[in-house]
Amino acid sequence: MRERVTPASVQAAVQRCIVPGCHSVFGIRDRIYVCLRCGGPLEIHCAPDPQNNANLLRKQWEARAACANPLDRSGVWRYRQLLPFDASTPVVTLFEGNTPLYDAPRSAEYSGLALLRLKHLGCNPTGSFKDTGMTVAVTQAALLGTRTVVCASTGNTAASLAAYAARAGLQCAIILPRGQITTAKLAQSMDYGAAVLEIDGNFDDAMRVVRDLAADPSIYLANSINPFRIEGQKTVAFELLQQCAWRVPDNVVVPGGNMGNSSALAKGFDELLSLGLIDRLPKLHVVQAEGAAPLAHLFAHLDQDQVHRDASSLPNRITPVEHPQTLATAIKIGAPVSWQKSLRGVLQSGGQILTVSEQEIADAKAVIGRDGIGCEPASATTLAGIRKMAASGTIGRGESVVAVLTGHVLKDPDYVSHYHRGSLSLGASDDEKEQAAQTISGAFCNPPERVAATKDAILETLDRRQRRTSPSGTKG
Ligand code: F0G
Numbered sequence: 085m086r087e088r089v090t091p092a093s094v095q096a097a098v099q100r101c102i103v104p105g106c107h108s109v110f111g112i113r114d115r116i117y118v119c120l121r122c123g124g125p126l127e128i129h130c131a132p133d134p135q136n137n138a139n140l141l142r143k144q145w146e147a148r149a150a151c152a153n154p155l156d157r158s159g160v161w162r163y164r165q166l167l168p169f170d171a172s173t174p175v176v177t178l179f180e181g182n183t184p185l186y187d188a189p190r191s192a193e194y195s196g197l198a199l200l201r202l203k204h205l206g207c208n209p210t211g212s213f214k215d216t217g218m219t220v221a222v223t224q225a226a227l228l229g230t231r232t233v234v235c236a237s238t239g240n241t242a243a244s245l246a247a248y249a250a251r252a253g254l255q256c257a258i259i260l261p262r263g264q265i266t267t268a269k270l271a272q273s274m275d276y277g278a279a280v281l282e283i284d285g286n287f288d289d290a291m292r293v294v295r296d297l298a299a300d301p302s303i304y305l306a307n308s309i310n311p312f313r314i315e316g317q318k319t320v321a322f323e324l325l326q327q328c329a330w331r332v333p334d335n336v337v338v339p340g341g342n343m344g345n346s347s348a349l350a351k352g353f354d355e356l357l358s359l360g361l362i363d364r365l366p367k368l369h370v371v372q373a374e375g376a377a378p379l380a381h382l383f384a385h386l387d388q389d390q391v392h393r394d395a396s397s398l399p400n401r402i403t404p405v406e407h408p409q410t411l412a413t414a415i416k417i418g419a420p421v422s423w424q425k426s427l428r429g430v431l432q433s434g435g436q437i438l439t440v441s442e443q444e445i446a447d448a449k450a451v452i453g454r455d456g457i458g459c460e461p462a463s464a465t466t467l468a469g470i471r472k473m474a475a476s477g478t479i480g481r482g483e484s485v486v487a488v489l490t491g492h493v494l495k496d497p498d499y500v501s502h503y504h505r506g507s508l509s510l511g512a513s514d515d516e517k518e519q520a521a522q523t524i525s526g527a528f529c530n531p532p533e534r535v536a537a538t539k540d541a542i543l544e545t546l547d548r549r550q551r552r553t554s555p556s557g558t559k560g
C-alpha cells in the first residue's frame, strides 16, 4: 500500500561517509551504497531541525501511536521527522513496527537477573526485524525509479524485500546460498513472487554477487550496506524508548550477523541523545555464534583505550571467517558488511561483543519458549549472551536489560523440532557433511509423547509431567 507522508519532514539530509578523515558528503537521492571517494560505509546525516524539540516530539509520537492515519499506524513512519523524506513521498508500508516489549520472568531467572524484557521484532509483518528497514529502502527504491530490487540473504532479508517489492510493484531478485535457507523463509519469498536465485556458495559469496549487480543502474541493492535500511531500523530504538516511558535501559542486547541491526540501534540511540529525548546511552552488546564471529574476534583483540583516545585508530579491516558455521542460519556470516558502524556504536556505548556456543543458543531458545515467546535461533544468542555477562559480572543482577528478538519461532521449525526430540546436531547440513557432527543436548527438551487414547492414560501422563520440574525451575 502506498500512503502520503504528512508535512514537516527532515530538510537538509545527505549521505555521509563515516570514515574519520574522509566524511565525504553525497546527495540524498544519489544511488550509491559506499563512499565514492574512499569506499567507506555511508550513513544518512540530517542537519538538526530547531523544530525537533524533545517535548514536542515525545507528545507527537504518543499521539500518533493512538491515531488511525495509515502513516501513524506504521511503527516506522510515525517517527517520520527523523527520516530523510519530504511530505510528498509515496510510502511503501505494511504497518511494520509496533512490536511488543514483554517481561520474561523465566528467561530472567535463567540468566541470573531480577528482571528481563524482550523486544520481539519477530512480530513484524514478515516475521523479522528486517521489515522496519525494508519499508524505507523500498520507498527510496521506488522514488529513484528502480526496475529491480535485489539482496543477498540468509532468508529474512529476502522474505522482507520480496514482500515490500510486491507492495510497490517492483521486480525483486533474491540471491541465496543454496541449501542453507530454512524452508519457511524460502516459502515466504516464493509466495511474495520474488525471483528466488540460489547460488553455490555461502552468504558472503551471495553478498559479493549482489554488490557487483548493484553497479547496474536499473538495480537497487537492499542489503543493510544501504544506509536507507539502517534509517528504518533505527526507529526500533525510538519505539523501544517510548515503550520504556523514556527511561533508558542499562543494557540492550542484540544478535550480530551482517551487523546492520546493531548499527541501526546505535544510530537510533545516538539521535535520541542528541535530541535530548534521553540523557545517556544504553550499553549496546552484540552476541555472535562462536562459529561465525569475526567482529567478536576483532573486539577481543582491540586496544579500547587507544580507540577512545583517538577515533581514527579504529581498525579499517576485519579478518573474515572463511567457513562460518552455526545452526542459527540467519547469522551464518563470515564477512559482515556493517561491522565498522556496529563497532563504533558498541564502543561509544561501553558495550561488549561476545560469542556463545551452539549449546548455549539452543538452550536459551527453549527457555525463551517457556516464557511463551517463540523466537528463531539467532535471536536466542541474546539470552545466552546475557547469561554469560551476568555470570561474569559484566551485567549486574539488578540492572535493566532488554534483549532484542529478531525473528519469529516459525521461521525455523525444523530446528525447534530437532532440539526437542534430541536430534539437533551441527554438521548435518550439505556443506558441512565432511565435519564430525556435534550433537546438541536438549536440556529443556519437550518431545511429543505417545499415549493410549484413554482418559486415564492422559491424566496419568499429565500428573507425571506436573510432578517433574525442568532445570529452569519450570514445570514440564
Ligand atoms: N537475527 C535474524 C533473525 C536475522 O535474520 C539476522 C540477519 C540477524 C539476527 C542479524 O542481523 O545482520 O543486522 O546483524 N539476517 C540477514 C538476512 C543477514 O539475510 O536475513 P544483522
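In the numbering used here, each number is its position in the sequence shown, counted from 1, plus 84.
All residues carry an ideal CB built from backbone N, CA and C; glycine is no exception.
Query - Short Cβ contact (7 Å threshold) for I470 with V337 - result: Yes.
Report task. Let me know if S397 comes out buried or exposed under the rule of 16 or more other beta-carbons within 10 Å of its beta-carbon. Result -> S397 should be labelled exposed.
Query raised in the report: The alpha helix (DSSP H) spanning E442 covers which residue range?
Result: E442 to R454
Query raised in the report: Where does R392 land, buried or exposed, given buried means 16+ other C-beta within 10 angstroms?
Result: As written in the sequence, residue 392 is His, which differs from the Arg given in the question. Exposed, because fewer than 16 other Cβ atoms sit within 10 Å of the Cβ of H392.
Requested in this report: Determine which residues share a DSSP beta bridge with I128 and list them.
Outcome: Q99
Report task. Starting from the Cα of K495, find the closest Cα among R190, A171, T413 and S422 and give me that residue. Result -> T413
Query raised in the report: Can you give the beta carbon distance from N307 to C256, rounded, assuming they're within the 8 Å contact cut?
Result: Contact doesn't hold; Cβ gap of about 13 Å is too wide.
**Report entry** Touching by the beta-carbon criterion (3+ pairs, under 8 Å), the segment 429-444 and the segment 348-365
**Finding:** yes
Query - Burial state of P301 (16 or more Cβ within 10 Å) - result: Result: exposed.
**Report entry** Secondary structure of G506, DSSP reduced to three states
**Finding:** coil
Query raised in the report: Roughly how many angstroms separate the alpha carbons of S237 and L543, rounded to a whole number?
Result: 47 Å
Query - Best match in N530, Q135, T545 and Q409 for proximity to A536 [C-alpha to C-alpha] - result: T545
Requested in this report: Please say whether I437 and V486 have beta carbons closer to each other than 7 Å?
Outcome: In terms of Cβ geometry, V486 and I437 do not form a close pair [threshold 7 Å].
Requested in this report: Name the residue from A243, E315, Q424 and P189 whose alpha carbon lies nearest to the alpha carbon of V280.
Outcome: A243
Query raised in the report: A380: which of S172, E127, D394 and P404 sits nearest, CA to CA?
Result: P404
Report task. Note the first and the last residue of the continuous beta strand (DSSP E) segment covering G352. Result -> Taken as a continuous stretch (DSSP letters only), G352 belongs to no beta strand (DSSP E), being part of the alpha helix (DSSP H) at G344 to S358.
Query raised in the report: How long is the line joining the alpha carbons of A192 and I116, rounded to whole angstroms?
Result: For A192 and I116, the distance between alpha carbons rounds to 43 Å.
Query raised in the report: Mind checking K539: buried by the 16 CB within 10 Å criterion, or exposed?
Result: exposed
Query raised in the report: Does DSSP put N335 in a helix, a strand or coil?
Result: strand
Query raised in the report: Taking the continuous beta strand (DSSP E) assigned at A373, which residues delimit it?
Result: K367 to A373
Query raised in the report: Does the segment 465-483 come within contact of the segment 497-508, defined as at least 3 CB pairs closer than 8 Å?
Result: no
**Report entry** Per-residue burial, C130 [other beta carbons within 10 Å of its own, 16 or more giving buried]
**Finding:** buried
Requested in this report: Give the straight-line distance between the Cα atoms of K214 and G181, rounded to the nearest whole angstrom.
Outcome: Spanning the two alpha carbons is a distance of roughly 10 Å.
Query raised in the report: Would Q409 pass as a contact of I524 if the rule is Cβ separation under 7 Å?
Result: no
Query - Three-state secondary structure (DSSP) of T558 - result: In this prediction, T558 scores a pLDDT of 49, lower than 50, which makes its location untrustworthy; the coordinate-derived value is nonetheless stated afterwards. If DSSP states are grouped into helix, strand and coil, T558 belongs with coil.
Report task. Look at the Cβ atom of Y304, then the Cβ atom of A250, and state whether they are nearer than 7 Å. Result -> In terms of Cβ geometry, Y304 and A250 do not form a close pair [threshold 7 Å].
Report task. Using the DSSP secondary-structure output, state which residues sit across from R201 in a beta bridge. Result -> D187 and V486
Query raised in the report: Whole alpha helix (DSSP H) runs in the segment 524-551 with 4 or more residues, listed along the chain?
Result: 539-551
Query - Buried versus exposed, by CB contacts within 10 Å (16 or more), G277 - result: exposed
Query raised in the report: So does I415 have its beta carbon nearer than 6 Å to some heavy atom of the ligand F0G?
Result: yes
Query raised in the report: Under 7 Å, do N136 and L359 count as touching if we go by C-beta distance?
Result: yes
Query raised in the report: alpha helix (DSSP H) containing P261: first to last residue?
Result: Unbroken run through P261 is the beta strand (DSSP E), Q255 to P261; no alpha helix (DSSP H).
Query - Where the beta strand (DSSP E) containing I303 begins and where it ends - result: That run of the beta strand (DSSP E) goes I303 to L305.
Query raised in the report: What span of residues does the alpha helix (DSSP H) with V391 cover, start to end?
Result: Annotation: the continuous alpha helix (DSSP H) that includes V391 extends over Q388 to R393.
**Report entry** P339: CB within 6 Å of a non-hydrogen atom of the ligand F0G
**Finding:** yes
Query raised in the report: Which residue from P125, T177, V294 and A188 puts its Cα closest to that of I452?
Result: Looking at P125, T177, V294 and A188, the one whose alpha-carbon comes closest to that of I452 is A188.
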